[in-house]
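A.B. asks: Numbering (the working numbering), first residue to last: 1162 to 1566. Glycine included, C-beta positions come from ideal geometry on N, C-alpha and C. Here the structure is a predicted model, which means the values were calculated and not measured. Could you have a look at this structure, given as structure tokens, before my questions?
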């Protein structure tokens, strides 16, 4: 008998953690979860979708927000998930079957949609569509890419006709190297320097910066769509001095798209150093985005293509996605699905293989409320109405000088 003890796998979540997390998510198996987000509920009522609808054509009410791993190697200060999930540097738990996970996620998602049908204003057609998820945002909580059977899990989603949007935080470069084609692969770029990343992400790995930089290189080798996602925090990671650091990361990683997302102001009762002063204005976000465009590559490599003002999100796109004068940031999901299920073609999928033109209403500067679908009905809360009325009244009270010089 070997003197070396064999480690016995255990469930990822203790009973106490399951109870805590079960109040926030619909748990699936021993390490996974799904949840309905506010934008899914919004689009069910015809009140507009999220920035993914504006920028990529993802129908918000048919998007299943999920994760196959609730564990993460970071404890980000801006994470709205409260950091109640476990942290780890490796997988050391039971491994649920990927097919059963997908089946369980879809079942739970449908149950959540069924409950949401009781909300006032839900449109019957949208509710029926929502019962058939077509997209999966693997960004709910944790680090999905470390699930040991992630490629089988992704394949099962694709077989079900569900597109995949996989977010990773750059702490597992080997997993990035090994991941199979997905509809869109994200890398979170929260800190342009070691010091800022440590401050914002609170990583568990001591060599987190080296791991992140290996992930940047790994991302550059993927031919399918890749996105660098920046959560912008005023006074911390969006100073002019940081532009050159972002430039280095962008030029090394060569993402097809760069998302700039304003910090979400959800700090009440939270153990985080961030405050409302750290939430940038939309105008400030735009100015910083333009500086990044001017600095990177030849100054014309990236352009400000799309905006979703409501969620404070901008999309920078590489110039090759502007074809014959028109942006093509939307995704041909049927085309991608046919490619990824073809054994001969799936490993050579290129980002340019599954494009669709971006509608004019989604483009930056196309309208005052950038990124709001005109076929949806804008809902303004009572609080927002009062704010707009007070602003209008203040403007009307300013005397107008009609004299001529």
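In angstroms with no decimal places, state the Cα-to-Cα distance between residue 1518 and residue 1219.
C.D. replies: So the alpha carbons of these two residues sit roughly 13 Å apart.
A.B. asks: Ignore the nearest five residues each way along the sequence and tell me which others in residue 1514's own chain have a CB closer than 8 Å to its CB.
C.D. replies: Correct list, in chain order: 1496, 1497, 1500.
A.B. asks: Would you decide whether residue 1171 is buried or exposed? Buried here means 16 or more other CB atoms lie within 10 Å of its CB.
C.D. replies: Result: exposed.
A.B. asks: According to DSSP, is residue 1219 part of a helix, a strand, or is it coil?
C.D. replies: It is coil, neither helix nor strand.
A.B. asks: So, are the CB atoms of residue 1389 and residue 1340 less than 8 Å apart?
C.D. replies: Against a cut-off of 8 Å, the Cβ pair of residue 1340 and residue 1389 comes out as no contact.
A.B. asks: Skipping 5 residues on each side, what residues in its chain have a beta carbon closer than 6 Å to that of residue 1224?
C.D. replies: Excluding residues within five positions, the ones whose Cβ falls inside 6 Å are 1296, 1298.
A.B. asks: Does the segment 1222–1237 come close enough to the segment 1189–1196 that 3 or more CB-CB pairs lie under 8 Å?
C.D. replies: The segment 1189–1196, when compared against the segment 1222–1237, does touch it at the 8 Å Cβ threshold.
A.B. asks: Curious, which full-length alpha helix (DSSP H) runs of at least 4 residues does the segment 1294–1360 contain?
C.D. replies: Entirely contained in the segment 1294–1360, the alpha helix (DSSP H) runs reaching 4 residues are, in chain order, 1311–1320, 1334–1339.
A.B. asks: Give the secondary structure of residue 1442 by DSSP, where H, G and I count as helix, E and B as strand, and everything else as coil.
C.D. replies: Here residue 1442 sits in coil by DSSP.
A.B. asks: What does the Cβ neighbour count give for residue 1362, buried or exposed, with the cut at 16 atoms within 10 Å?
C.D. replies: Residue 1362 should be labelled buried.
A.B. asks: Let me know the secondary structure DSSP gives residue 1226 once reduced to three states.
C.D. replies: Note: residue 1226 maps to strand in three-state DSSP.
A.B. asks: Taking residue 1386 and residue 1417 to be in contact with their CB atoms under 8 Å, please state how far apart those CB atoms are, rounded to whole angstroms.
C.D. replies: 5 Å between Cβ atoms; contact.
A.B. asks: Evaluate residue 1342 with the Cβ neighbour count: other Cβ atoms within 10 Å of its Cβ, from every protein chain shown; 16 or more gives buried, anything less gives exposed.
C.D. replies: Buried, by the Cβ-count rule.
A.B. asks: Quick check on the burial criterion: 16 or more other C-beta atoms within 10 angstroms. Buried or exposed for residue 1368?
C.D. replies: So residue 1368 ends up on the exposed side.
A.B. asks: Less than 8 Å separating the beta-carbons of residue 1355 and residue 1510?
C.D. replies: For residue 1355 and residue 1510, no; Cβs fall outside 8 Å.
A.B. asks: Taking the beta strand (DSSP E) that residue 1187 falls in, what are its first and last residues?
C.D. replies: First-last of the beta strand (DSSP E) with residue 1187: 1187–1189.
A.B. asks: Return the chain-ordered list of same chain residues with a C-beta closer than 6 Å to the C-beta of residue 1266, the five sequence neighbours on each side being excluded.
C.D. replies: 1189, 1195, 1227.
A.B. asks: For residue 1452 and residue 1404, I'd like the C-alpha separation in whole angstroms.
C.D. replies: Those two C-alpha atoms are separated by around 7 Å.
A.B. asks: Using DSSP's beta-bridge definition, name the partner residues of residue 1231.
C.D. replies: Answer is none; residue 1231 lacks a bridge partner.
A.B. asks: Nearest-angstrom Cα distance between residue 1465 and residue 1179?
C.D. replies: Cα-Cα distance, rounded: 42 Å.
A.B. asks: Let me know the alpha helix (DSSP H) ranges lying completely inside the segment 1348–1428, each 4 residues or longer, listed in chain order.
C.D. replies: The segment 1348–1428 contains these whole alpha helix (DSSP H) runs: 1355–1362, 1369–1381, 1404–1414.
A.B. asks: When the Cα atoms are used, what is the spatial distance from residue 1215 to residue 1293?
C.D. replies: The straight-line gap from Cα to Cα measures roughly 20 Å.
A.B. asks: Spatial neighbours of residue 1456 within its chain, please: CB distance less than 6 Å, with the 5 preceding and 5 following residues excluded, ordered by chain position.
C.D. replies: Around residue 1456: 1404, 1408.
A.B. asks: Determine the contact status of residue 1381 and residue 1331, defining contact as a CB-CB distance below 8 Å.
C.D. replies: No. Outside cutoff.
A.B. asks: Just to confirm, are residue 1233 and residue 1286 a CB contact at a threshold of 8 Å?
C.D. replies: For residue 1233 and residue 1286, no; Cβs fall outside 8 Å.
A.B. asks: Hey, how far is the Cα of residue 1161 from the Cα of residue 1275?
C.D. replies: The question about residue 1161 has no answer, for the chain in this structure spans 1162 to 1566.
A.B. asks: My output table needs one value for residue 1175: the three-state DSSP class, helix, strand or coil.
C.D. replies: Reduced to three states, the DSSP call for residue 1175 is coil.
A.B. asks: Buried or exposed: where does residue 1430 fall if 16 or more other Cβ atoms within 10 Å of its Cβ makes it buried?
C.D. replies: For residue 1430, the predicted structure reports a pLDDT of 49, less than 50, and the residue's modelled location is therefore unreliable. A value from the coordinates is still provided. Classification of residue 1430: exposed, given that the 10 Å Cβ count is below 16.
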